[in-house]
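Novice:
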Amino acid sequence: ESVYEEMMKCRISLNVYSYNILIRGFCAYDKMDRALLFLDEMEKNGCYPNVITFNTLLDAYCKLGMIDKALNLLQVMSTRELKPNLITYNTVINGLCREGYMDKTKDILVEMSNRGMNPDRVTYNTLVNGYCKEGNVHQALFLHDEMIRKGIPPNVVTYTALIDNMCKAGNLTRAMDIMGQMQERGLEPNEMTYTTLIDGFSKQGFLDNAFLFFRQMVEDGLQPSVTAYNSLINGYCLLGKIDKASELLQDMETAGLVPDLITYSTIIHGLCGTGDLDKAFELNERMVVKGILPD
RNA sequence: CCAAGAACUCAAUGGC
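Under my numbering, read the first sequence as residues 42 to 336, first letter to last.
1) Just checking my contact of Cys-208 with Gly-171 at CB under 8 angstroms: how many whole Å lie between their CB atoms?
2) What residue does the alpha helix (DSSP H) around Ser-154 start on, and which one ends it?
3) How is Tyr-165 classed by DSSP in three states: helix, strand or coil?
4) Can you give me the start and stop residues for the alpha helix (DSSP H) that Val-117 sits inside?
5) Check whether the Cβ atoms of Tyr-165 and Leu-182 lie closer than 9 angstroms to each other.
6) Alpha carbon to alpha carbon, how far is Gly-246 from Lys-331? Give it in angstroms, no decimals.
7) Identify, in the order they occur along the chain, each residue of the same chain with its Cβ nearer than 6 angstroms to the Cβ of Lys-174, setting aside the five sequence neighbours on each side.
8) Roughly how many angstroms lie between the CA atoms of Gly-136 and Met-143, to the nearest whole one?
9) Restricting to runs no shorter than 4 residues, where is the alpha helix (DSSP H) found entirely within the region 170–228?
10) Rounding to the nearest angstrom, what Cα-Cα distance links Asn-275 and Phe-255 in this structure?
11) Given a threshold of 16 other Cβ atoms within 10 Å of its Cβ, counted over all protein chains shown, does Val-169 qualify as buried or as exposed?
12) To the nearest angstrom, how far is it from the Cα of Glu-122 to the Cα of Lys-72?
13) With DSSP collapsed to three states, give me the class of Thr-315.
14) Run through DSSP, which three-state label would Ala-269 get?
15) Closest to Asp-161 by C-alpha separation, out of Thr-94, Val-151, Pro-194 and Gly-141, would be which residue?
16) Along the alpha helix (DSSP H) that carries Asn-250, what are the first and last residues, could you check?
17) Note down, in chain order, each residue of its chain lying with its Cβ closer than 7 angstroms to the Cβ of Ile-309, except the 5 sequence neighbours on either side.
18) Looking at the unbroken alpha helix (DSSP H) that takes in Val-57, where does it start and where does it end?
19) Determine the DSSP secondary structure at Leu-324, reduced to helix, strand or coil.
20) Do you know offhand how far Leu-248's Cα is from Leu-280's?
21) Exposed or buried, which one is Thr-315 when buried takes at least 16 other CB atoms within 10 Å?
22) Would the beta-carbon of Tyr-200 fall within 9 angstroms of that of Ile-219?
23) If you draw a straight line from the C-alpha of Ile-108 to the C-alpha of Leu-318, how long is it?
24) Using DSSP with H/G/I as helix, E/B as strand and the rest coil, what is Gln-291?
25) Could you spell out the range, first to last residue, of the alpha helix (DSSP H) harbouring Leu-78?
26) Taking just the CA atoms, how far does Ile-333 sit from Asn-271?
27) For Glu-232, name the three-state secondary structure that DSSP assigns.
28) Can you tell me whether Ser-119 is buried or exposed? The criterion is at least 16 other CB atoms within 10 Å of its CB, across all chains shown.
29) Which term fits Asn-96, buried or exposed, when burial requires 16 or more other beta carbons within 10 angstroms of its beta carbon?
30) List the whole-angstrom C-beta distance separating Ala-286 from Cys-278, where the pair is believed to meet the contact cut-off of C-beta under 8 angstroms.
The structure is reproduced here in structure tokens:
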């Protein structure tokens, strides 16, 4: 913001790119009001918002769960003769999926088709994930098949969404099945795929398997992320093996990762579960010292 | 003056 003021003072005029970046910044901090202010500002300065500007705002509304605002904005776009593109529609579809309005996505798909736009891989992945979250595995798998039929082969994102769904449904065998299908198609699990599996097996108490995935990930040359560690830590905590969890906390720091709020609260919660309240407070202290505030 | 680069969408983790 201060840089912006500075630039205004120096009469440096911003272009659409810089405005878009600014707007995105405010959106990321849930400052929609500020973001919209810049939308006005840019127009006053004779800089016209483009599709990307609107896509950014649309996505922000969707992520905040304000799908109605997003749909309104979509209307505004057409009154301004700004043509929505595929990303616009993908963004809105994802917003609808997040809110569980799967039936509404069909309207958007029709509108897309009326405008001569075909769903791409992101559209499909968004829908596959949406149906998975709704518990409609059937439709998710149907779309997966349709992707292949239409020559838009599923990618690792598609499969990770499906694997996650199987894991969360408690069907680990099925999850591994999907993983096998993926590899048959020449796709290799990435960091997120492994994390999904680690989380799935951890939650069912199969820590040995979870740890194997963890090792496999490293063998594949992938660096386990904070999320991967967190998933495994959670698994050990669920079994009351807080010592194991604490070891992993050390490991991640050794690996140069910065444990986050989730890491600490998972272990603190675990310590509370085993009645080690003083250790829990102690860890909370350590966390605060590291500059992470409890929420 | 020319060229290059820079902005938007999909999958994973704890508690409440």
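The beta-carbon is built from N, C-alpha and C at its ideal position, and this holds for glycine as well.
Specialist: To lay it out plainly:
1) Here residue 208 refers to the residue found at position 167 of the first sequence. Here residue 171 refers to the residue found at position 130 of the first sequence. Cys-208 to Gly-171, Cβ: 17 angstroms. No contact.
2) Taking the first residue of the first sequence as 1, we reach residue 154 at position 113. 143–155 is the extent of the alpha helix (DSSP H) around Ser-154.
3) In the first sequence, counting from the first residue as 1, residue 165 sits at position 124. If DSSP states are grouped into helix, strand and coil, Tyr-165 belongs with the helices.
4) As a first step, residue 117 must be located in the first sequence, where it is residue number 76. Per DSSP, the unbroken alpha helix (DSSP H) holding Val-117 starts and ends at 108–120.
5) For the purposes of this step, residue 165 is taken as the residue at position 124 of the first sequence. For the purposes of this step, residue 182 is taken as the residue at position 141 of the first sequence. Pairing Tyr-165 with Leu-182 gives a Cβ-Cβ distance that is not under 9 angstroms.
6) Counting from one through the first sequence, the residue named residue 331 turns up at place 290. Counting from one through the first sequence, the residue named residue 246 turns up at place 205. Their backbone Cα atoms lie some 31 angstroms apart in a straight line.
7) Counted from its first residue, the first sequence places residue 174 at position 133. Around Lys-174: no qualifying Cβ.
8) Locating residue 136 in the first sequence gives position 95, counting from the first residue. Locating residue 143 in the first sequence gives position 102, counting from the first residue. About 10 angstroms.
9) 178–190, 197–209 and 213–225
10) Walking along the first sequence from the start, residue 275 turns up at place 234. Walking along the first sequence from the start, residue 255 turns up at place 214. Approximately 14 angstroms, taken between the alpha carbons.
11) Position 128 of the first sequence holds residue 169. Buried: at least 16 other Cβ atoms inside 10 Å.
12) For this step, residue 122 is matched to residue 81 along the first sequence. For this step, residue 72 is matched to residue 31 along the first sequence. In a straight line, the C-alpha of Glu-122 is about 26 angstroms away from that of Lys-72.
13) Counting from one through the first sequence, the residue named residue 315 turns up at place 274. Three-state result, Thr-315: coil.
14) On the first sequence, residue 269 is found 228 positions in, with the first residue counted as 1. Note: Ala-269 maps to helix in three-state DSSP.
15) In the first sequence, residue 161 corresponds to position 120, counting from 1. For the residues Thr-94, Val-151, Pro-194 and Gly-141, the minimum Cα distance to Asp-161 belongs to Pro-194.
16) For the purposes of this step, residue 250 is taken as the residue at position 209 of the first sequence. Looking at the DSSP string, the run of the alpha helix (DSSP H) that includes Asn-250 is 248–260.
17) Stepping through the first sequence from its first residue, residue 309 is reached at position 268. Cβ neighbours of Ile-309 beyond the five flanking positions: Ala-321, Leu-324 and Asn-325.
18) Translated into positions along the first sequence, residue 57 becomes position 16. Val-57 -> alpha helix (DSSP H) spans 57–69.
19) For the purposes of this step, residue 324 is taken as the residue at position 283 of the first sequence. The answer is helix: DSSP assigns Leu-324 an H, G or I state.
20) Taking the first residue of the first sequence as 1, we reach residue 248 at position 207. Taking the first residue of the first sequence as 1, we reach residue 280 at position 239. When rounded, the distance between both Cα atoms is 9 angstroms.
21) For the purposes of this step, residue 315 is taken as residue 274 along the first sequence, with counting starting at 1. Thr-315 comes out exposed.
22) Numbered from 1 along the first sequence, position 159 holds the residue referred to as residue 200. Numbered from 1 along the first sequence, position 178 holds the residue referred to as residue 219. Yes. Within cutoff.
23) In the first sequence, the residue the question calls residue 108 occupies position 67. In the first sequence, the residue the question calls residue 318 occupies position 277. Distance between the alpha carbons of Ile-108 and Leu-318 is about 42 angstroms.
24) Position 250 of the first sequence holds residue 291. Residue state, collapsed to three classes: helix.
25) Residue 78 sits at position 37 when you count from the first residue of the first sequence. It spans 73–85 - the alpha helix (DSSP H) in which Leu-78 sits, taken as one unbroken run.
26) What you label residue 271 is simply residue 230 of the first sequence in a count that begins at 1. What you label residue 333 is simply residue 292 of the first sequence in a count that begins at 1. Computed Cα separation, rounded: 16 angstroms.
27) Walking along the first sequence from the start, residue 232 turns up at place 191. Under the three-state reduction of DSSP, Glu-232 is assigned to helix.
28) Here the question's residue 119 lines up with position 78 in the first sequence. Classification for Ser-119: exposed.
29) Here residue 96 refers to the residue found at position 55 of the first sequence. Flag for Asn-96 reads buried.
30) For the purposes of this step, residue 286 is taken as residue 245 along the first sequence, with counting starting at 1. For the purposes of this step, residue 278 is taken as residue 237 along the first sequence, with counting starting at 1. Going by Cβ atoms, the distance from Ala-286 to Cys-278 rounds to 5 angstroms, so yes, they are a contact pair.
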